[in-house]
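Read top to bottom, the protein sequences are chains F and U.
Everything in the first sequence is counted per the working numbering, starting at 6 for the first residue and increasing by one.
Everything in the second sequence is counted per the working numbering, starting at 448 for the first residue and increasing by one.
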Amino acid sequence: AQSVTQLDSQVPVFEEAPVELRCNYSSSVSVYLFWYVQYPNQGLQLLLKYLSGSTLVKGINGFEAEFNKSQTSFHLRKPSVHISDTAEYFCAAVFGQNFVFGPGTRLSVLP
Amino acid sequence: DGGITQSPKYLFRKEGQNVTLSCEQNLNHDAMYWYRQDPGQGLRLIYYSQIVNDFQKGDIAEGYSVSREKKESFPLTVTSAQKNPTAFYLCASSPGVWANYGYTFGSGTRLTVV
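Below, the structure written as structure tokens:
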């Protein structure tokens with residue numbers, strides 16, 4: 006079955022530290038990949054997306070992600086987090102005509 | 448600015464009542480979607496519509512109904528048949544179905560059964 010896995014349900018990190026949120030997907034065929042952020046009681050906002058081309062994708066708020074086809078991964082990174090980055094982060098993938106979301110990772114930035 | 452508007456933001460429903468959640472978009476998007484979000488379960492697809500007057504069931508359509516009479520509007524009715532309707536409901540739209548477009552999301556409606 007096509008699936009998106011986010012192994013870490015919660016990630017606590019201190020302010021100004023780097024962070025990596027992991028995402029793996031199940032398919033080895035061509036796939037489009039996305040990262041969304043959700044702040045409390047709000048909808049999802051697109052952070053970045055990979056469609057083709059360079060495997061390093063830069064998004065908003067200083068986030069970036071790297072597409073690794075051999076490892077079927079699309080990990081999200083930020084070199085220095087802020088308190089305002091505290092939110093839920095969702096990885097998503099398009100397999101053919103199926104748009105599949107991961108279960109989400111709650112990032113908590115501590116002062 | 449273009450976007451998706453969901454209303455109301457908070458909604459309370461009594462047992463046995465039907466309620467309708469509104470979703471309006473001015474992005475001229477063809478496709479619209481309804482998702483349900485429960486803590487720790489991510490997003491689950493309820494219904495989607497690729498075009499006016501057409502819609503398809505998602506993974507958890509039981510107890511829900513939709514209509515798509517206008518391109519801009521995709522209301523969701525939570526019927527009394529939905530046994531556990533308390534959740535956060537998200538509406539989304541995209542220029543076309545799935546593929547590489549990604550979605551634009553509304554700000555959500557939190558439904559609580561009292």
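The beta-carbon is built from N, C-alpha and C at its ideal position, and this holds for glycine as well.
These figures come from a predicted structure and were not determined experimentally.
Proximity below 8 Å, CB of residue i to CB of residue j
i, j, result
"Val36(F)", "Leu112(F)", "no"
"Ser32(F)", "Phe106(F)", "no"
"Phe39(F)", "Ala97(F)", "yes"
"Ile498(U)", "Trp481(U)", "no"
"Pro532(U)", "Val561(U)", "no"
"Gly109(F)", "Gly505(U)", "no"
"Gln453(U)", "Gly555(U)", "yes"
"Glu20(F)", "Pro84(F)", "no"
"Gln47(F)", "Tyr41(F)", "no"
"Leu537(U)", "Gln484(U)", "yes"
"Thr551(U)", "Ile451(U)", "yes"
Residue from the options with nearest C-alpha to residue i
i, options, result
"Leu474(U)", "Gly449(U), Ser554(U), Lys517(U)", "Gly449(U)"
"Gly67(F)", "Thr77(F), Ser78(F), Ser57(F), His87(F)", "His87(F)"
"Glu519(U)", "Gly463(U), Ser469(U), Ala508(U), Phe459(U)", "Ser469(U)"
"Gln7(F)", "Phe95(F), Tyr41(F), Tyr30(F), Glu20(F)", "Tyr30(F)"
"Ser496(U)", "Asp485(U), Ala478(U), Gly463(U)", "Ala478(U)"
"Arg82(F)", "Lys74(F), Gln43(F), Ser89(F), Ala70(F)", "Ala70(F)"
"Asp90(F)", "Pro108(F), Gln76(F), Val114(F)", "Val114(F)"
"Tyr548(U)", "Leu458(U), Gly463(U), Ala539(U)", "Ala539(U)"
"Ala528(U)", "Thr551(U), Gln472(U), Arg483(U), Glu462(U)", "Glu462(U)"
"Val18(F)", "Leu12(F), Leu26(F), Tyr44(F)", "Leu26(F)"
"Leu53(F)", "Ser85(F), Phe72(F), Leu12(F)", "Phe72(F)"
"Gly510(U)", "Thr467(U), Phe459(U), Arg557(U), Pro455(U)", "Thr467(U)"
"Gly58(F)", "Ala22(F), Lys74(F), Gln43(F), Pro45(F)", "Lys74(F)"
"Asn465(U)", "Arg491(U), Pro522(U), Gln484(U)", "Pro522(U)"
"Gln139(F)", "Asn103(F), Phe104(F), Phe95(F)", "Chain F is shown from 6 up to 116; residue 139(F) falls before or after that span and cannot be answered."
"Thr60(F)", "Phe79(F), Phe104(F), Tyr44(F)", "Phe79(F)"
"Phe625(U)", "Asp501(U), Ala534(U), Phe552(U), Ser512(U)", "What is shown of chain U runs 448 to 561, which leaves residue 625(U) out entirely."
"Ala508(U)", "Glu516(U), Lys517(U), Arg515(U), Arg491(U)", "Arg491(U)"
"Gln15(F)", "Asn500(U), Gly543(U), Pro486(U)", "Pro486(U)"
Residue range of the unbroken beta strand (DSSP E) whose run includes residue i
i, result
"Val24(F)", "24-26"
"Thr556(U)", "556-560"
"His80(F)", "78-83"
"Gln464(U)", "Taken as a continuous stretch (DSSP letters only), Gln464(U) belongs to no beta strand (DSSP E), as it is neither H nor E."
"Thr524(U)", "523-525"
"Phe39(F)", "37-43"
"Val117(F)", "A question about residue 117(F) goes unanswered here, because the residues of chain F that appear run from 6 up to 116."
"Pro17(F)", "15-19"
"Phe95(F)", "92-100"
"Ala528(U)", "Counting along the chain, Ala528(U) falls outside any beta strand (DSSP E), and DSSP gives it neither H nor E."
"Val114(F)", "110-115"
"Ser540(U)", "534-541"
"Gln453(U)", "451-454"
"Ala6(F)", "Where Ala6(F) is concerned, there is no enclosing beta strand (DSSP E), given that its DSSP letter is neither H nor E."
"Gln488(U)", "Note, Gln488(U): premise wrong, no beta strand (DSSP E); not H, not E."
Three-way DSSP call (helix, strand, coil) for residue i in this model
i, result
"Asn73(F)", "strand"
"Ser469(U)", "strand"
"Ser32(F)", "coil"
"Ile507(U)", "coil"
"Ser89(F)", "helix"
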